[in-house]
Amino acid sequence: MYDHILPPITQTLGALTKILGKAEAHCEARKIDPVALLQFRLFPDMFPLTRQVQLTCDFAARLPPRLCGDDLPAFPDTETSFAELQARVAAAQAFVATYGRERFAGSEDRQITIKMRGTEMTMTGLQFATQYALPQVYFHMTTSYNILRHNGVELGKRDYMGA
348 MYDHILPPIT QTLGALTKIL GKAEAHCEAR KIDPVALLQF RLFPDMFPLT
398 RQVQLTCDFA ARLPPRLCGD DLPAFPDTET SFAELQARVA AAQAFVATYG
448 RERFAGSEDR QITIKMRGTE MTMTGLQFAT QYALPQVYFH MTTSYNILRH
498 NGVELGKRDY MGA
């Protein structure tokens, strides 16, 4: 499970750091108020960039402790700048890095129950990781990327992949 969880979320968080850096440089070079990008949303009923980044971090950082039966980390949603979002990503990266391979022994069979829109769902660790948590990480990362790309930040697949 370690090999299927830690490298992908580590790579995704690293890529997120880089694309946020490019977004900040884009704003500086073009004299754009960063708030314009930080609060941009692709559609009125979608979250803005800031919240997409927060959720990418949340799903990535909460995946290992759920699989390992630990308490979930809490990150207050107070970020209002690129620097604060970078710190959020760094905190998620540091937290995830505390999980060693041995912690994941048997986690694929652990029963995990989550509340989703008032309903409890129970699944195995493997199902939780592959059918719920990782897709959430990728969805919010992709939406962050798309918001920035839509607004002219020069990004490509290599940036998204963390190459």
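Going by our numbering, the first residue of the sequence shown is number 348, and it counts up by one from there.
The beta-carbon is built from N, C-alpha and C at its ideal position, and this holds for glycine as well.
By Cβ distance below 7 Å, which residues in the same chain neighbour residue 433 in space, the five residues on each side in sequence not counted? 364, 367
For the alpha helix (DSSP H) holding residue 501, just list the boundary residues, first then last. Unbroken run through residue 501: none, as it is neither H nor E.
Distance between residue 480 and residue 410 (C-alpha atoms, nearest Å): 6 Å
For residue 386, three-class secondary structure by DSSP: coil
Close Cβ partners of residue 477 (< 7 Å) along its chain, the five nearest in sequence each way excluded: none
In angstroms, rounded to a whole number, what distance separates the CA positions of residue 384 and residue 453? 42 Å
Please state whether DSSP places residue 365 in a helix, a strand or coil. helix
How big is the Cα-Cα spacing for residue 398 and residue 424? Those two C-alpha atoms are separated by around 8 Å.
Determine the burial state of residue 472: buried for a count of at least 16 other Cβ atoms within 10 Å of its Cβ, exposed for fewer. buried
I need the DSSP call for residue 459, collapsed to helix, strand or coil. strand
Best match in 390, 449, 499 for proximity to residue 348 [C-alpha to C-alpha]: 449
Helix, strand or coil: how does DSSP classify residue 508 here? When secondary structure is reduced to three states using DSSP, residue 508 falls in the helix class.
Pop quiz: residue 487 and residue 357 are said to be a contact at Cβ under 8 Å. What is the actual Cβ separation, rounded to whole angstroms? Not a contact, Cβ separation roughly 16 Å.
Three-state class that DSSP yields for residue 467 in the structure shown: Note: residue 467 maps to strand in three-state DSSP.
Start and end residues, alpha helix (DSSP H) containing residue 412: Under the DSSP assignment, residue 412 falls in the alpha helix (DSSP H) whose first and last residues are 396-415.
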